[in-house]
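Data first, discussion second: the structure below is written as structure tokens.
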Amino acid sequence: MGRVTLEQILGKKLRLLLTSVAVVLGVAFIAGTLVLTDTLGSVFDNVFTTANNGVDAVVRAVQPFKASGRNQSSNDTRPPIPDSVLPVVRGTPGVARANGSLLRFALVQDRNGQAIQNQAPAFGLAWYPRGDNVGDALQLVSTYKGARAAQPSGADDVALDVTTADSGGFRIGDRVQISFANTPPRRFQLTGVFRFGGSDNALAGATLAAFTPATAQAVLNAPNQQGTWDELHVRATAGVSETQLRDRVNASLRRAGLRAQYEAITGTQAANEQSNNIKSNLSFFNTFLLVFALVALFVGAFIIYNTFSITVAQRVQELGLLRALGASERQVVGSVALEALVTGIVASLLGLGLGILLVTPLRGLLGAFGVKLPSGPLQVQARTIIVAFVAGTLVTLVAALAPARRAARVSPISAIRDQAVAPTSGRRRYIWGLGFTVVGVALLAVGLIGQGSNAALTVGAAAAVVFVGVAMLSPLIARPVAEVLTLPASWLHSVTGLLARENATRNPRRTASTAAALMIGLALVSLIAIFGASAKASFASAIDNQTRADFILSPKQFSPFSPGVAQAVRDGFARISRKPATVVEVRQGTGEVAGTVHAVSGLSPDFQAVVDVPVRGFDHAAFARGGVLVWKDASPLCGPSGHATCTTGTTLAMRFPIGGTVQLPVAGVVTDRKALPAQVDYMVSLTGWERHFTQTLDFFVVVLKPADVSTHQADAVVSSAARQFGGVNAQNKADFKNSHLAQFDQILGLVYVLLAFAVFIALIGIVNTLALSIYERTREIGLLRAVGMTRVQLRRMVRGEAVVVAVFGSLLGLVIGVGFGGAIVQAAHSQGIGLTIPVGQLAVFVILAGVAGLLAGWLPARRAAHLDVLQAIGTE
Amino acid sequence: MTTTRPPTQVAYAARAVDASKVYGSGEAAVRALDHVSVNFERRRYTAIMGPSGSGKSTLLHCLAGLDRVTSGRIFLGDFEISAASEKQLTLVRRNDIGFVFQSYNLIPTLNALENITLPMELARHKPDPAWLDTIIDTVRLRDRLSHRPNQLSGGQQQRVAVARALLSRPEVIFADEPTGNLDSKASTEILQFMRHAVNEFGQTIVMVTHDPNAAAYADRVVFLADGRTVDELVGPTEATVLDRMKRLGA
Ligand SMILES: Nc1ncnc2c1ncn2[C@@H]1O[C@H](COP(=O)(O)OP(=O)(O)O)[C@@H](O)[C@H]1O
Ligand SMILES: [Mg+2]
Chain C
-17 MGRVTLEQIL
-7 GKKLRLLLTS
3 VAVVLGVAFI
13 AGTLVLTDTL
23 GSVFDNVFTT
33 ANNGVDAVVR
43 AVQPFKASGR
53 NQSSNDTRPP
63 IPDSVLPVVR
73 GTPGVARANG
83 SLLRFALVQD
93 RNGQAIQNQA
103 PAFGLAWYPR
113 GDNVGDALQL
123 VSTYKGARAA
133 QPSGADDVAL
143 DVTTADSGGF
153 RIGDRVQISF
163 ANTPPRRFQL
173 TGVFRFGGSD
183 NALAGATLAA
193 FTPATAQAVL
203 NAPNQQGTWD
213 ELHVRATAGV
223 SETQLRDRVN
233 ASLRRAGLRA
243 QYEAITGTQA
253 ANEQSNNIKS
263 NLSFFNTFLL
273 VFALVALFVG
283 AFIIYNTFSI
293 TVAQRVQELG
303 LLRALGASER
313 QVVGSVALEA
323 LVTGIVASLL
333 GLGLGILLVT
343 PLRGLLGAFG
353 VKLPSGPLQV
363 QARTIIVAFV
373 AGTLVTLVAA
383 LAPARRAARV
393 SPISAIRDQA
403 VAPTSGRRRY
413 IWGLGFTVVG
423 VALLAVGLIG
433 QGSNAALTVG
443 AAAAVVFVGV
453 AMLSPLIARP
463 VAEVLTLPAS
473 WLHSVTGLLA
483 RENATRNPRR
493 TASTAAALMI
503 GLALVSLIAI
513 FGASAKASFA
523 SAIDNQTRAD
533 FILSPKQFSP
543 FSPGVAQAVR
553 DGFARISRKP
563 ATVVEVRQGT
573 GEVAGTVHAV
583 SGLSPDFQAV
593 VDVPVRGFDH
603 AAFARGGVLV
613 WKDASPLCGP
623 SGHATCTTGT
633 TLAMRFPIGG
643 TVQLPVAGVV
653 TDRKALPAQV
663 DYMVSLTGWE
673 RHFTQTLDFF
683 VVVLKPADVS
693 THQADAVVSS
703 AARQFGGVNA
713 QNKADFKNSH
723 LAQFDQILGL
733 VYVLLAFAVF
743 IALIGIVNTL
753 ALSIYERTRE
763 IGLLRAVGMT
773 RVQLRRMVRG
783 EAVVVAVFGS
793 LLGLVIGVGF
803 GGAIVQAAHS
813 QGIGLTIPVG
823 QLAVFVILAG
833 VAGLLAGWLP
843 ARRAAHLDVL
853 QAIGTE
Chain S
2 MTTTRPPTQV
12 AYAARAVDAS
22 KVYGSGEAAV
32 RALDHVSVNF
42 ERRRYTAIMG
52 PSGSGKSTLL
62 HCLAGLDRVT
72 SGRIFLGDFE
82 ISAASEKQLT
92 LVRRNDIGFV
102 FQSYNLIPTL
112 NALENITLPM
122 ELARHKPDPA
132 WLDTIIDTVR
142 LRDRLSHRPN
152 QLSGGQQQRV
162 AVARALLSRP
172 EVIFADEPTG
182 NLDSKASTEI
192 LQFMRHAVNE
202 FGQTIVMVTH
212 DPNAAAYADR
222 VVFLADGRTV
232 DELVGPTEAT
242 VLDRMKRLGA
């Protein structure tokens, strides 16, 4: 029996290949994503292992609460550690050396005042003299451009990494302007350059500026955090292990009564944690790509199902003969399953190979859409291979299950009588289909009403279930839809058109499940189109109608920038006008309310000058003194359940990264937050922000120029401030809106490209089905040719069928996509998004699908046209 | 239920007892078999004849366990097929029955030898090599064993089918118009092989045919009309069969 199957497979190599392709692309997508993420992971592992080289233990503040959310690395919430802890650590037996470490924003400007910043962040740090240092990641380059180099030793000295020094065009002795997050920009003298862990290009492309420890503390820390460090680095004496060192340091901290606030960890753990922090940010990315890979696999499953259904139907006589000769049901199921297994394994193998080849183009694709990633040697882990094989093989097997069971139901009598496979009764299929659809819609409702991270998962599952349900139901409407689609053919009395329709509807189930693959692609594409159009329209409206701004400064690379920018703008206007400018800063932090961690926005007290954010009972004075504004439905305290807290004058206990829990006066209740850049529940004023948060950089600065300054002059002020700090876009309102809309488009473009995979697989499905159908109809095609159908007509007929199937699938997809898109956007109403349906764009999608169908029909049409008439008629 | 059963235990290899078969229901019901009772002796070659649509194929399918009777009972030896489960039927087909159909007898992707041994492989039995050789020589296929069905003539294909049916020494071989698609020379060969199998190997064969010449190779002819057994002829010749058919035909 096994041999029958293997012969069967080998006899149809082309079919095996076409069928595999459906799964190959999905598997390749998964493998490529995993290899890419692992590669990035290993790059960061190396960076942080190097950064912690020579560090045996790290002492740091205990984290006040665990920050959640993807852009919040956990260190953001850790308070600094003061100098006073150092003697305690140094006095511990087994400690050879200990000193403080800082890694904070510091932006180097080149000789023209332009910021030197790549895609990566810009850091300043403390560099200890030889013999005093703990870590040894930095290596001084002894001569640079012919001059002797030295480590910074004076308060005005700086050293740069080789890449930054090169791109600034600096020489030893040059003056270098550097700006900081919390202190004014300063000029330093370049005394030397260094390499980081043996590499010119420092921390994965970051720019590094090294100062003496005292200078680092002075310029990197906020004025109210002087005399503190991010963490302390400790080196052990010979013979003391990392864990021994950690335990001893913790013991002395405990003796000094500091253990509740500070902790020691091993150097290895510190490196791992830092690397994992970055990697957990990457994992969002990983998930994002994997979602598309799963979509591609899901579509592939439909095609596998379809191909196996068709081949089982075509092999009815043979299966009947096998049954008549004594093959058991198990043996028949087994033979189909074996075929699926071989297909799955071949597909997984090809997919894995293709996936590895795909990594570089994938990185390039993401780069083209603005997501720049560092590169390193490809990491193909055993896990990747296993996942690729399990996914590819499992999907194929599961998809072939129903056809295999149908094969087993072939009665032996089919060998003699030309009798179709006893199908599951139509009614049962439709009842199931209806059941799936209803369950899917119910799941969607649950997902949309519910909150939290599971909501997305639920909505995704709902979509999958609805796809299956609609695919099962769609044969019911295949015929009427095909009739409508081919109306032009009947008006034109085109026989080929009518034959195309008949062919497309003679087996509505086959047509429906072929169309289903495309349906999935189009549903997702139109869902994204609706979501994108709605988000864009809402954003544009918030900017147009609810924001007043002459200029908006925003980060170029999503990383926040120095508040020095806002200060430079204020100073710039003060120099040319006596009237005040309005400069509103926006920051992000995290705080804990009633046991849950929330994103907290920081706003300049006069923020209402630039955005329409209605606040009920706004006590301006209380807000400016450090009060909090609460969103009307803020969880967990407001909304229908807890109105008591949501009134001006009450207090709210919020726990901050620095300073612990504080009773904040509630200064007002926000009733419409659409115009705010972040849809957060709690907003505090920026007065005293540094007392509570370690993160002191701005995300946005909104500027209204003084009335007596011309737009031209104002532009000069703002642009110069932005240029001085780098990494900042300074735009007027219209430009800001347009560039953000362009960013939306860029993300949408990336999503479309990734979905194109799924659509492409669906088109292969159409090719496959048509090729198989034509093989099945060889005799009939011979007959048509014999009675005078020309090759051209024949081709037209086959392509017509392909177009009907493609358009049918895309229309189904459109309906589902609009339904889901509409529901999701409605549910996102509180996020300030209103529904917009891009009708023209959706129409274009359907037309494109039809054209794609035409292309998909090309190959099968050619094959049909080249059949030999006599042979075709003679075929049994 | 296997071939090791003592052959003398039951006189008949296959029996239909008051068997009826109705296709469809209500208005459209077709009574293909109408209370048929008929016995097929061991080691004999029996032909079933009758006009087109008289129920010959239906009777054969019911006897062979490919189809189920609506009422009445079917026995293979002493085993009641009409009461057997689907699993038991599979085993019966595998071990106790051989088939030769009019067309589509072979798996297109297997060569001649593989087609011959297929039922044994399905049952995971090793074919007896000497017996396999005997059969291959009997049907004269030695030089065609590695050919695929599409490389064989119609007559050769039917010879492969006969060899396959003989290989497991089944209780009965059922053949439905095995020569229906063949020219007279190929037909004669097939009929001679089957006769040879009955004479030399003691094989039981039940064959449906509408060709008096073919029926003349049998030991006995059973005549069907409108789903009923209407006549019987022992030791038929082409002439006596033609004569009987003329009388029934009207
Ligand atoms: N699957 C079926 N469904 C309905 N009627 C059938 C079926 N198979 C056979 N028949 C009918 O049963 C009768 C006997 O058919 P069959 O046994 O094939 O006749 P024969 O082989 O003698 O030509 C005929 O009237 C035929 O139309
Ligand atoms: Mg018949």
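Going down the list, the sequences are from chains C and S. Heads up, the first sequence is in the working numbering, so the first residue is -17 and it goes up one at a time. Heads up, the second sequence is in the working numbering, so the first residue is 2 and it goes up one at a time. Ideal Cβ placement from N, Cα and C applies to all residues, glycine included.
TODO: Give the interface partners of aspartate 68 of chain S over in chain C, defined as CB-CB distance under 9 Å, in chain order.
DONE: Ser393, Pro394 and Ile395
Task: With 16 other Cβ atoms within 10 Å as the buried cut-off, status of glutamine 204 of chain S - done: buried
Open item on the list: When you compare the stretch 209 to 223 of chain C with the stretch 153 to 160 of chain C, are there three or more beta-carbon pairs, one atom per stretch, that lie closer than 8 Å?
Closed with: Counting Cβ pairs under 8 Å, fewer than three are found: no touch.
Task: Listed by chain order, chain C residues near arginine 32 of chain S by CB distance under 7 Å - done: Neighbours of arginine 32 of chain S on chain C: none; closest Cβ ~18 Å, over 7 Å.
- [ ] Have a look at valine 294 of chain C and alanine 29 of chain S and give me their C-alpha separation to the nearest angstrom.
- [x] 30 Å
TODO: Could you pull out every residue in the same chain whose Cβ sits closer than 7 Å to the Cβ of leucine 849 of chain C, ignoring the five residues on either side in sequence?
DONE: Answer for leucine 849 of chain C: Thr760, Ile763 and Gly764, listed in chain order.
Task: Member of C:Ala724, C:Ser536, C:Val450 and C:Asp143 whose CA lies at the smallest distance from the CA of alanine 88 of chain C - done: C:Asp143
TODO: Report the neighbours of threonine 71 of chain S on chain C: residues whose CB is nearer than 8 Å to its CB, in chain order.
DONE: Under the 8 Å cutoff, chain C gives no residues; its nearest Cβ is about 15 Å from threonine 71 of chain S.
Task: Contacts that glutamate 300 of chain C makes with chain S (C-beta to C-beta distance below 7 Å) - done: Going along chain S in sequence order, the residues near glutamate 300 of chain C (Cβ under 7 Å) are Ile108.
TODO: With 7 Å as the limit, tell me which residues of the stretch 310 to 322 of chain C have their beta carbon closer than that to any beta carbon of chain S; keep them in chain order.
DONE: Ser310 and Gln313
TODO: Name the two residues that bound the continuous alpha helix (DSSP H) containing serine 154 of chain S.
DONE: Membership of serine 154 of chain S in any alpha helix (DSSP H) is not indicated, and neither H nor E is assigned to it by DSSP.
Open item on the list: Taking DSSP's pairing of strands, which residues face isoleucine 206 of chain S in a bridge?
Closed with: S:Tyr46 and S:Ile174
Task: DSSP state of tyrosine 757 of chain C mapped onto helix, strand, coil - done: Correct three-state label for tyrosine 757 of chain C: helix.
Task: When C:Arg410, C:Lys687 and C:Gly442 are compared against glycine 530 of chain C, the one with the closest alpha-carbon - done: First, the residue type needs correcting, since residue 530 of chain C is arginine and not glycine in the sequence shown. Closest option to arginine 530 of chain C, Cα to Cα, is C:Lys687.
Task: C-beta atoms of serine 456 of chain C and leucine 794 of chain C nearer than 9 Å - done: yes
Open item on the list: Using only Cβ atoms and a threshold of 5 Å, which residues come within that distance of a heavy atom of ligand 1? Order them by chain position.
Closed with: S:Tyr24, S:Val31, S:Ala33, S:Ser53, S:Gly54, S:Ser55, S:Gly56, S:Lys57, S:Ser58 and S:Thr59
Task: Under 9 Å between C-beta atoms of glutamate 224 of chain C and alanine 233 of chain C - done: Not in contact: glutamate 224 of chain C and alanine 233 of chain C (Cβ atoms no closer than 9 Å).
TODO: Identify whether histidine 211 of chain S lies in helix, strand or coil by the three-state DSSP scheme.
DONE: coil
Open item on the list: What does the Cβ neighbour count give for glycine 839 of chain C, buried or exposed, with the cut at 16 atoms within 10 Å?
Closed with: buried
Open item on the list: With DSSP as the reference, identify every bridge partner of valine 652 of chain C, one or two as the case may be.
Closed with: C:Val597 and C:Trp613
Open item on the list: So arginine 94 of chain S contacts chain C; which residues on that side make the cut at Cβ distance below 8 Å?
Closed with: Simply Arg305, Ala306, Leu307, Gly308 and Pro394.
- [ ] Compute the distance between the beta-carbons of threonine 478 of chain C and methionine 779 of chain C, then report whether it is under 9 Å.
- [x] For the 9 Å CB-CB criterion, threonine 478 of chain C and methionine 779 of chain C form a contact.
- [ ] Answer yes or no: do phenylalanine 600 of chain C and valine 807 of chain C have a C-beta to C-beta separation smaller than 9 Å?
- [x] Not closer than 9 Å, so no.
Open item on the list: Nearer than 8 Å: is that true of the beta carbon of aspartate 177 of chain S relative to any heavy atom of ligand 2?
Closed with: yes
- [ ] Report all residues from its chain with a CB closer than 6 Å to the CB of asparagine 57 of chain C; omit the five preceding and five following residues, and keep chain order.
- [x] Unreliable placement is indicated for asparagine 57 of chain C, whose pLDDT of 45 sits below 50; the coordinate value is still reported in the next sentence. Result list for asparagine 57 of chain C: empty, nothing under 6 Å.
Open item on the list: Using a 10 Å radius around the Cβ and a threshold of 16 neighbouring Cβ atoms, would you call alanine 603 of chain C buried or exposed?
Closed with: exposed
Task: Own chain, CB closer than 6 Å to serine 516 of chain C, minus 5 neighbours either side, in chain order - done: Within its own chain, the residues whose Cβ lies closer than 6 Å to the Cβ of serine 516 of chain C, once the five positions on either side in sequence are excluded, are Val807, Ile815, Leu817 and Thr818, listed in chain order.
Open item on the list: For a cutoff of 9 Å on Cβ pairs, would you count glutamate 172 of chain S as touching chain C?
Closed with: no
Task: Validate contact between the stretch 456 to 471 of chain C and the stretch 252 to 261 of chain C using beta carbons, cut 8 Å, 3 pairs - done: no
Task: For aspartate 680 of chain C and phenylalanine 543 of chain C, believed in contact at Cβ under 8 Å, the rounded distance - done: 6 Å
- [ ] Please find out if some non-hydrogen atom of ligand 2 comes closer than 8 Å to the beta-carbon of valine 18 of chain S.
- [x] no
Task: valine 209 of chain S beta carbon near ligand 2 (any heavy atom closer than 8 Å) - done: yes
Open item on the list: Assuming contact is defined by CB atoms lying nearer than 9 Å, are glutamine 823 of chain C and leucine 535 of chain C in contact in what I supplied?
Closed with: no
- [ ] To the nearest angstrom, report how far apart alanine 200 of chain C and threonine 194 of chain C are at their CA atoms.
- [x] 10 Å
Task: Pairwise C-alpha distance: phenylalanine 802 of chain C and leucine 383 of chain C - done: 29 Å
Task: CB contact below 9 Å: histidine 88 of chain S versus chain C - done: At residue 88 of chain S the sequence reads lysine, which differs from the histidine that was named. Yes, because at least one Cβ of chain C sits closer than 9 Å to the Cβ of lysine 88 of chain S.
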